[in-house]
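K.L.:
Following this message is one structure expressed as structure tokens.
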Amino acid sequence: MTAAAALQLPKTGRLTKSNAMAFVDLANPTRYLSLSGRFLPFLWAAALVGLAIGLYLAFFVAPADYQQGETVRIMYIHVPSAWLSMFGYSLMAIASLGTLVWRHPLADVAAKSIAPVGAAFTFLALLTGSLWGKPMWGTYWVWDARLTSVLILFLMYLGLIALWRAVDDPGRAARAAAILTLVGAVNLPIIKFSVDWWNTLHQPASVFRLGGPTIDPSMLWPLLVMALAMTLLFLALSVMAMRNEILRRRIRTLQRMAAGLAG
Amino acid sequence: MIGALAAITGRTALLSLRGSGGAFVGVVFFLAVVVVVPFGIGPDLNLLARIGPAILWIGALFATLLGLDRLFQDDRDDGSLDLFFLSGLPLELVVLAKAVGHWLATGLPLVIAAPVLGLLLGIAPLPLGAVTLTLLAGTPALTLIGAIGASLTVAFNRGGLLVAVLVLPFTIPVLVFGVSAASATIVGPVPFLPPFLILLALTLVSAVVAPIAGAAALRSSME
Chain A
290 MTAAAALQLP KTGRLTKSNA MAFVDLANPT RYLSLSGRFL PFLWAAALVG
340 LAIGLYLAFF VAPADYQQGE TVRIMYIHVP SAWLSMFGYS LMAIASLGTL
390 VWRHPLADVA AKSIAPVGAA FTFLALLTGS LWGKPMWGTY WVWDARLTSV
440 LILFLMYLGL IALWRAVDDP GRAARAAAIL TLVGAVNLPI IKFSVDWWNT
490 LHQPASVFRL GGPTIDPSML WPLLVMALAM TLLFLALSVM AMRNEILRRR
540 IRTLQRMAAG LAG
Chain B
624 MIGALAAITG RTALLSLRGS GGAFVGVVFF LAVVVVVPFG IGPDLNLLAR
674 IGPAILWIGA LFATLLGLDR LFQDDRDDGS LDLFFLSGLP LELVVLAKAV
724 GHWLATGLPL VIAAPVLGLL LGIAPLPLGA VTLTLLAGTP ALTLIGAIGA
774 SLTVAFNRGG LLVAVLVLPF TIPVLVFGVS AASATIVGPV PFLPPFLILL
824 ALTLVSAVVA PIAGAAALRS SME
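Same order as they appear, the protein sequences are chains A and B. Following the numbering used here, the numbering of the first sequence begins with 290 at its first residue and continues without gaps. Following the numbering used here, the numbering of the second sequence begins with 624 at its first residue and continues without gaps.
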């Protein structure tokens with residue numbers, strides 16, 4: 290019994306005892322569970338320490354902006370969230386390749402588990418952005434190119450989550466979601482470009498650009514620490530969600546087995 | 624092979640023209656959307672003429688998306704989908720042929736209806752021609768993108784709203800360039816040609832991406 294088959298559900302019929310043992314012995318995901326179980330406390334510790342240092346730097350050490358005053362501190366949450374919204378989608382796209390090309394069972398689990406975490410960070414980016422926009426631009430929302438692209442990314446995350454929830458069979462849902470994720474990955478640059486067509490208020494990119502960052506080092510360092518810490522947090526949450534998803538599928542399999550043995 | 628694909632295109636077009644109201648319902652829905660808008664924003668003809676191209680485009684977008692969920696489900700229900708698999712035709716081309724047939728029956732009537740509906744909104748002749756031309760160039764992209772959604776949801780009977788939710792974000796570029804090309808003839812500092820050419824490019828890209836993604840989705844649904 291391969292790991293791929295074991296993660297999927299038994300299609301029909303009754304299971305014998307030896308069959309049942311093979312289902313419980315989920316080779317690959319089991320190794321993942323034990324490995325991630327050992328690794329996860331360290332990941333959490335690093336994420337929390339990083340967040341503590343980063344938030345301290347952001348709120349007490351970094352200077353207030355000469356134009357924006359204290360509100361600039363929203364940036365230390367907002368910018369890493371916006372990065373992670375893209376990072377999450379990239380991870381899902383890689384996992385989708387894993388699903389379609391190698392039929393790797395963990396790739397299904399990863400793509401499914403990352404979607405809500407990515408959507409949460411995208412929402413955080415939108416929320417902090419609009420809270421920052423109120424004092425700066427005088428309004429919570431502007432139909433500006435970058436905000437709008439992130440909003441569309443958020444819609445795509447929600448569509449994917451809806452697709453996952455609409456299909457009962459995890460294997461089938463995984464392939465449909467993987468195709469949609471990859472189509473989305475092809476389309477994201479086109480959407481970005483089309484949204485840039487109506488180019489408005491938002492300031493141009495100020496960290497990653499030719500000729501070095503325009504942001505002052507006293508603000509750049511806290512930002513980088515926060516970005517690292519929030520990335521670790523993202524990974525820790527994703528790993529936990531993956532573990533839950535594996536356990537959820539095992540429970541489903543066990544329930545079906547119990548039903549099969551009883552019937 | 625060309626003959627078989629043409630047969631699939633013709634069959635899809637005829638089925639969606641004749642079955643369950645077909646093209647007629649789509650055009651009536653388009654008309655209803657256009658009629659509802661002035662009730663929402665008021666009967667000011669100047670305003671309506673200015674945003675008219677956008678209204679026509681949004682109406683066409685909704686009308687296209689609504690008819691899509693049955694595109695492959697009917698074929699699955701009556702067994703044609705299995706025959707497509709067994710026929711040995713490249714599934715990508717089958718998806719393309721089906722999308723073309725569906726567009727002929729549902730997209731083309733919208734394009735033909737657009738000039739008439741534009742008169743209701745008081746759009747001047749030149750912009751009206753521009754809107755119709757952009758719809759002719761852009762609605763195939765909408766149908767093709769929608770075909771991806773339809774093939775993804777073929778495996779389960781919950782098409783409808785889910786297809787629209789999945790597909791809408793991907794249609795935004797088509798809408799942006801379609802409307803900006805059409806509006807360029809009314810207000811715009813932007814000339815008509817660049818957005819129109821990008822719109823054509825989007826249609827061509829969808830004609831490549833949609834058959835590949837749609838065929839992959841259909842294959843995975845058959846496993």
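Quick reminder that beta carbons are idealized off the backbone N, C-alpha and C, glycines included.
1. Out of A:ARG537, A:ARG539, A:LEU452, state which residue places its alpha-carbon closest to the alpha-carbon of B:SER774.
2. Counting only Cβ pairs nearer than 9 Å, list the residues of chain B close to A:ALA434.
3. Quick check: the stretch 726 to 735 of chain B against the stretch 786 to 806 of chain B, are there 3 or more CB pairs under 8 Å?
4. Could you tell me the distance, in whole angstroms, from the CA atom of B:LEU719 to the CA atom of B:LEU841?
5. Within 8 Å (strictly less), CB to CB, does A:ALA292 reach chain B?
6. Would you mind telling me which residues of chain B sit closer than 7 Å to A:ALA451, beta carbon to beta carbon, in chain order?
7. As a quick exercise: from B:PHE707, B:VAL832, B:ALA747, B:LEU670, pick the residue whose alpha carbon is nearest that of B:PRO763.
8. Mind checking who B:GLY761 pairs with in its DSSP beta bridge?
9. Please report how far the alpha carbon of A:ALA467 lies from the alpha carbon of B:ALA830, in whole angstroms.
10. Quick check on B:ASP698: buried or exposed, where buried means 16 or more other Cβ atoms within 10 Å of its Cβ?
11. Given 8 Å as the limit, is there contact between the stretch 793 to 801 of chain B and the stretch 748 to 766 of chain B, that is, 3 or more CB pairs closer than that?
12. Secondary structure at B:GLY649, three-state DSSP: helix, strand or coil?
13. At the level of alpha carbons, what is the spacing between B:GLY769 and A:LEU420?
14. Between B:LEU775 and chain D, is there a C-beta pair that is closer than 8 Å?
15. Quick check on A:ASP397: does DSSP put it in helix, strand or coil?
16. At a Cβ threshold of 8 Å, is B:SER843 touching chain A?
17. Over what stretch of residues does the alpha helix (DSSP H) that includes B:ILE821 continue unbroken?
18. Relative to chain A, which residues along the stretch 727 to 748 of chain B have a C-beta separation below 8 Å, given in chain order?
19. For A:VAL484, collect the residues of the same chain with a Cβ closer than 6 Å to its Cβ; drop the 5 residues on either side in sequence, then sort them by chain order.
20. Classify A:ASP265 as helix, strand or coil using the three-state DSSP reduction.
21. Within 10 angstroms of the Cβ of A:ALA351, are there 16 or more other Cβ atoms? Answer buried if so, exposed if not.
22. Tell me whether A:ASN476 is buried or exposed, calling it buried when 16 or more other Cβ atoms sit within 10 Å of its Cβ.
23. Anything in chain B within Cβ reach of A:ARG461, meaning under 9 Å, just list it in chain order.
24. What separation, rounded to the nearest whole angstrom, lies between the Cα atoms of A:ILE540 and A:GLY387?
25. Should A:GLY377 be labelled buried (16 or more other beta-carbon atoms within 10 Å of its own) or exposed?
26. Should the stretch 365 to 381 of chain A be called in touch with the stretch 512 to 532 of chain A, which here means at least 3 C-beta pairs below 8 Å?
27. Give me the residue from B:ILE664, B:LEU756, B:LEU688, B:LEU706 with the minimum Cα distance to B:VAL650.
28. Would you mind working out which of A:LEU373, A:LEU509, A:TRP391 sits nearest A:LEU522, comparing C-alpha positions?
29. Using a cut-off of 8 Å between C-beta atoms, extract the partners of A:ALA334 located in chain B.
30. Going by C-alpha to C-alpha distance, which of B:GLY745, B:ARG634, B:PHE819 sits closest to B:GLY724?
31. Just the C-alpha distance for B:ALA824 and B:ILE809, rounded to the nearest angstrom, thanks.
32. Span of the alpha helix (DSSP H) holding A:TRP372?
33. Do we get a CB-CB distance below 8 Å when we pair B:VAL718 with the residues of chain A?
34. Would B:THR826 count as contacting chain A if we go by Cβ distances under 8 Å?
35. At least one CB of chain B closer than 8 Å to the CB of A:ARG464: is that the case?
P.N.:
The structure says:
1. The count along the second sequence starts at 1 and reaches residue 774 of chain B at position 151. Among A:ARG537, A:ARG539, A:LEU452, the Cα nearest to that of B:SER774 is on A:LEU452.
2. Locating residue 434 of chain A in the first sequence gives position 145, counting from the first residue. Residues of chain B passing the Cβ test: none, with the nearest at roughly 11 Å.
3. no
4. Taking the second sequence and counting its residues from 1, one reaches residue 719 of chain B at position 96. Taking the second sequence and counting its residues from 1, one reaches residue 841 of chain B at position 218. Each residue's Cα considered, the two are about 13 Å apart.
5. Residue numbering aside, residue 292 of chain A sits at position 3 when the first sequence is read from its first letter. With a pLDDT of only 44 at A:ALA292, under the threshold of 50, the placement of this residue in the model should not be trusted; the figure read from the coordinates follows. No, its Cβ sits nowhere closer than 8 Å to a Cβ of chain B.
6. Taking the first residue of the first sequence as position 1, residue 451 of chain A is located at position 162. Per Cβ cutoff of 7 Å: LEU785, VAL788.
7. Position 140 of the second sequence holds residue 763 of chain B. The option with the nearest alpha carbon to B:PRO763 is B:VAL832.
8. By one-based count along the second sequence, residue 761 of chain B stands at place 138. In the DSSP output, where bridge partners are listed per residue, B:GLY761 has none listed.
9. In the first sequence, counting from the first residue as 1, residue 467 of chain A sits at position 178. In the second sequence, counting from the first residue as 1, residue 830 of chain B sits at position 207. If you take the alpha carbons of A:ALA467 and B:ALA830, they lie about 20 Å apart.
10. Along the second sequence, one-based indexing puts residue 698 of chain B at 75. It counts as buried.
11. yes
12. Stepping through the second sequence from its first residue, residue 649 of chain B is reached at position 26. Three-state result, B:GLY649: helix.
13. The residue given as residue 769 of chain B occupies position 146 in the second sequence. The residue given as residue 420 of chain A occupies position 131 in the first sequence. So the two alpha carbons sit approximately 35 Å from each other.
14. Among the chains of the structure shown, chain D does not appear; the protein chains present are A and B.
15. Indexing the first sequence from 1 puts residue 397 of chain A at position 108. If DSSP states are grouped into helix, strand and coil, A:ASP397 belongs with the helices.
16. Here residue 843 of chain B refers to the residue found at position 220 when the second sequence is read from its first residue. Yes, its Cβ sits closer than 8 Å to a Cβ of chain A.
17. Residue 821 of chain B sits at position 198 when you count from the first residue of the second sequence. Where B:ILE821 is concerned, the enclosing alpha helix (DSSP H) stretches over 816 to 845.
18. none
19. Start at 1 with the first residue of the first sequence, and residue 484 of chain A comes out as number 195. Same-chain partners within the cutoff: ALA434, THR437, SER438.
20. For residue 265 of chain A there is no data in the structure shown, the boundaries of chain A being 290 and 552.
21. Walking along the first sequence from the start, residue 351 of chain A turns up at place 62. Under this definition A:ALA351 is a buried residue.
22. Taking the first residue of the first sequence as position 1, residue 476 of chain A is located at position 187. The residue in question, A:ASN476, is buried, as its Cβ has 16 or more Cβ neighbours within 10 Å.
23. Your numbering for residue 461 of chain A matches position 172 in the first sequence. Chain B residues near A:ARG461: ALA778, PHE779, SER843, SER844, GLU846.
24. Taking the first residue of the first sequence as position 1, residue 540 of chain A is located at position 251. Taking the first residue of the first sequence as position 1, residue 387 of chain A is located at position 98. So the two alpha carbons sit approximately 24 Å from each other.
25. Sequence index remark: in the first sequence, residue 377 of chain A carries index 88 (1-based). The residue is buried, with at least 16 neighbouring Cβ atoms inside 10 Å.
26. yes
27. Counting from one through the second sequence, the residue named residue 650 of chain B turns up at place 27. When each option's Cα is compared against that of B:VAL650, the closest is B:LEU688.
28. As a position in the first sequence, residue 522 of chain A is number 233, starting the count at 1. Considering only alpha carbons, the answer is A:LEU373.
29. Residue numbering aside, residue 334 of chain A sits at position 45 when the first sequence is read from its first letter. Near A:ALA334 there are no residues of chain B at all, since even the closest Cβ is about 38 Å away, more than 8 Å.
30. On the second sequence, position 101 is the one that residue 724 of chain B refers to. Among B:GLY745, B:ARG634, B:PHE819, the Cα nearest to that of B:GLY724 belongs to B:ARG634.
31. Along the second sequence, one-based indexing puts residue 824 of chain B at 201. Along the second sequence, one-based indexing puts residue 809 of chain B at 186. Cα to Cα, B:ALA824 sits roughly 23 Å from B:ILE809.
32. As a working mapping, residue 372 of chain A is identified with position 83 in the first sequence. Residues 364 to 386.
33. Position 95 of the second sequence, counted from the first residue, corresponds to residue 718 of chain B. Not an interface residue.
34. Position 203 of the second sequence, counted from the start, is the residue given in the question as residue 826 of chain B. Chain A contact via Cβ: absent.
35. Residue 464 of chain A sits at position 175 when you count from the first residue of the first sequence. With 8 Å as the cut-off, A:ARG464 counts as an interface residue toward chain B.
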